[in-house]
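*Asks:* Residue numbers (numbering that gives the first Met the number 0): 0 to 354. Even glycine gets a Cβ: it sits at the ideal position worked out from N, Cα and C. Bear in mind that the values here come from a model prediction, so they are computed numbers and not experimental data.
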Amino acid sequence: MNVLITGNTGYIGPELAKYLRRTLPGARLIGYDSGYFAHCLTAADYFPEFDYDAQYWGDIRRIPAKLLEGVDAIVHLAAVSNDPMGNRFENVTRDINFEAGLALAAQAKERGVSRFVFASSCSMYGCAEGGPRKETDPLNPLTAYARSKVAMETALETLAGPGFQVTCLRFSTACGMSDRLRLDLVLNDFVACAVSSGEVTVLSDGTPWRPLIDVKDMARAIDWALGRTTAVDGAFVAVNIGSTDRNYQVKDLARAVAELVPGTRYSINTDAPPDKRSYKVDFSKYAALAPAHQPQVTLEQSILEIKAGLERMEFADKAFRNSHFMRLKVLDGHIAQNQLNERLEWTDKRHYTVL
Ligand SMILES: NC(=O)c1ccc[n+]([C@@H]2O[C@H](COP(=O)([O-])OP(=O)(O)OC[C@H]3O[C@@H](n4cnc5c(N)ncnc54)[C@H](O)[C@@H]3O)[C@@H](O)[C@H]2O)c1
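Next up, the structure:
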């Protein structure tokens, strides 16, 4: 099987390749990424793209037709990948996450690619009061990022059909160690605070609910989507990815980190207005569809692995929220140096592989 993975040189891509190397040893893995964060390596034992059979550098807004030749499946990770970036680059987020994603899927279908796995997000539930959200509940996307995921899923449903299987994986918030660690994710941020300063300060009132999933369990879900059968589950599936016992209030995450990183204190900003983004999610559909691919990494394991990874890096930067561990800071840095323009295109064309 030839698998094209877009957006593979970010946080999830390196861990995904390691995982698929074990579960699909015969697969040819092809990476395609603009490389915005390719230099942001963290405690990697080797260059993560060695796990890919081929690596191309390019923009999904301009997919070379040749890239899709012989491809059986696409795992589409490439995106402007969080709310702060989506707010700063609102139109570009729609262009990359929705317009270009849809064009890629349409082109893929036309060229006989049979599977399309889309990295969607539970953030499309936005502010959800009441019980855990099921896939059939109304969506309430509050940000440009979340709206782009909703638009993409809606469009993908119309493309799915005989010969073109689509799986939208509505991931919980990611956590865990990666060869390109992000610290703009809630649990990773708390562990970094604990390791660098012995103090976790929750910036909100700590009450919002957030489901979490370790990056290794995200890879497990993608592996399921690459193997699922249309006859059983249908040509189009949108499914929440996570586990019901990993819905947490942010204050519980801070407490868990303080318990596992010796000498850490935590405090909640009781005066802060509640964060509007809060959702509990129901994962029973995923449990029914993919019993052999259920999340396995516990919260405790995720925390201890991030801690160990940061310690390997001799991490001590208390000001890391201003550092290149934050995706938005990296993009702004590229722009400040005129390497990227405001449309997030490289100014030096040598950054793009000629195919
Ligand atoms: N990390 C999470 O908590 C989480 C949760 C739910 C869904 N997701 C989704 O999973 C996917 C991967 O997330 P991640 O955490 O690895 O993000 P990331 O920001 O670390 O990686 C995204 C990758 O996409 C690439 N990219 C962005 N725009 C591109 C373009 N125009 N052309 C080519 N490549 C481009 C970037 O260079 C980067 O390597 C994203 O679609 C994200 O929305 C992530």
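(1) Does the beta-carbon distance from proline 63 to leucine 354 come in below 9 Å?
(2) What first and last residue would you give for the beta strand (DSSP E) that runs through phenylalanine 170?
(3) Kindly provide the ranges of any beta strand (DSSP E) runs that are 3 or more residues long and lie completely inside the stretch 171-258, ordered along the chain.
(4) Which value, in whole angstroms, describes the spacing of the CA atoms of tyrosine 247 and threonine 172?
(5) Nearest to threonine 166 by alpha carbon, out of Lys65, Ala318, Val238, Pro47?
(6) Would you call the stretch 285-299 and the stretch 209-226 touching, i.e. three or more CB-CB distances under 8 Å?
(7) Report the option in Ser80, Ser33, Ser277, Ser266 whose CA atom is closest to the CA atom of aspartate 58.
(8) Just to confirm, is the Cβ distance from cysteine 39 to histidine 350 under 9 Å?
(9) When burial is assigned at 16 or more other CB atoms within 10 Å of the CB, is arginine 110 buried or exposed?
(10) If you measure between the beta carbons of serine 122 and leucine 309, is that distance less than 9 Å?
(11) What residues match up with alanine 53 in a beta bridge as DSSP calls it?
(12) Counting only runs of 4+ residues fully inside the stretch 113-159, write out the alpha helix (DSSP H) ranges in chain order.
(13) Please specify which runs of the beta strand (DSSP E), each continuous and at least 3 residues long, are wholly inside the stretch 53-96, giving them in chain order.
(14) Does serine 266 have its Cβ less than 9 Å from a Cβ in chain C?
(15) Sort out for me which residues DSSP pairs leucine 354 with in a bridge.
(16) Output the boundary residues of the beta strand (DSSP E) element that contains arginine 110.
(17) Using 8 Å as the Cβ pair cut-off and three pairs as the minimum, do the stretch 200-219 and the stretch 239-258 touch?
(18) Checking 9 Å against the spacing of the C-beta atoms, do serine 119 and arginine 169 come in under that value?
(19) Taking C-alpha atoms, which residue in Ala230, Arg20, Arg27 lies nearest to methionine 0?
(20) Is lysine 148 close to ligand 1? I mean its beta-carbon at under 8 Å from any heavy atom of the ligand.
(21) I'd like to confirm the pairing. Which residues does DSSP put opposite tyrosine 265 in its beta bridges?
(22) Give the secondary structure of valine 2 by DSSP, where H, G and I count as helix, E and B as strand, and everything else as coil.
(23) Let me know the secondary structure DSSP gives valine 280 once reduced to three states.
(24) Need the endpoints of the alpha helix (DSSP H) that arginine 20 sits in, please.
(25) Where valine 70 and alanine 271 are concerned, what is the direct C-alpha to C-alpha distance, given to the nearest angstrom?
(26) Compare the C-alpha of leucine 184 against each of Phe49, Ser80, Ala72 and name the closest.
(27) Return the bridge partner residues of leucine 339 from the DSSP annotation.
(28) So, is aspartate 398 buried or exposed, given that buried needs 16 or more other C-beta atoms within 10 angstroms?
(29) Leaving aside the five residues before and after arginine 254 along the sequence, list all residues of the same chain whose C-beta is less than 7 Å from its C-beta, in chain order.
(30) Name the residue from Leu288, Gly226, Cys174, Leu158 whose alpha carbon lies nearest to the alpha carbon of threonine 297.
(31) For ligand 1, is there any heavy atom lying closer than 8 Å to the beta carbon of tyrosine 18?
(32) Does DSSP put valine 329 in a helix, in a strand, or in coil?
(33) Tell me which residues share the same chain as proline 380 and place their Cβ nearer than 6 Å to its Cβ, disregarding the 5 neighbours each side in the sequence.
(34) Is alanine 224 closer than 9 Å to arginine 114 when the C-beta atoms are compared?
(35) Determine the direct distance from the alpha carbon of alanine 127 to that of threonine 243, and round the result to whole angstroms.
*Replies:* From the atom records:
(1) yes
(2) 164-170
(3) 172-174, 198-201, 208-213, 235-240, 246-248
(4) 11 Å
(5) Val238
(6) yes
(7) Ser33
(8) no
(9) exposed
(10) no
(11) Ile29
(12) 143-158
(13) 53-56, 72-75
(14) You won't find chain C in this structure, because it holds only one protein chain.
(15) Note: leucine 354 sits in no beta bridge, so no partner.
(16) Counting along the chain, arginine 110 falls outside any beta strand (DSSP E), and DSSP gives it neither H nor E.
(17) yes
(18) yes
(19) Arg27
(20) yes
(21) Val199
(22) strand
(23) strand
(24) 11-22
(25) 49 Å
(26) Ser80
(27) Trp345
(28) A query on residue 398 cannot be resolved here, the shown segment of the chain reaching from 0 to 354 and no further.
(29) Tyr265
(30) Cys174
(31) no
(32) helix
(33) Only positions 0 to 354 of the chain appear in the structure, and residue 380 is not among them; the question remains open.
(34) yes
(35) 15 Å
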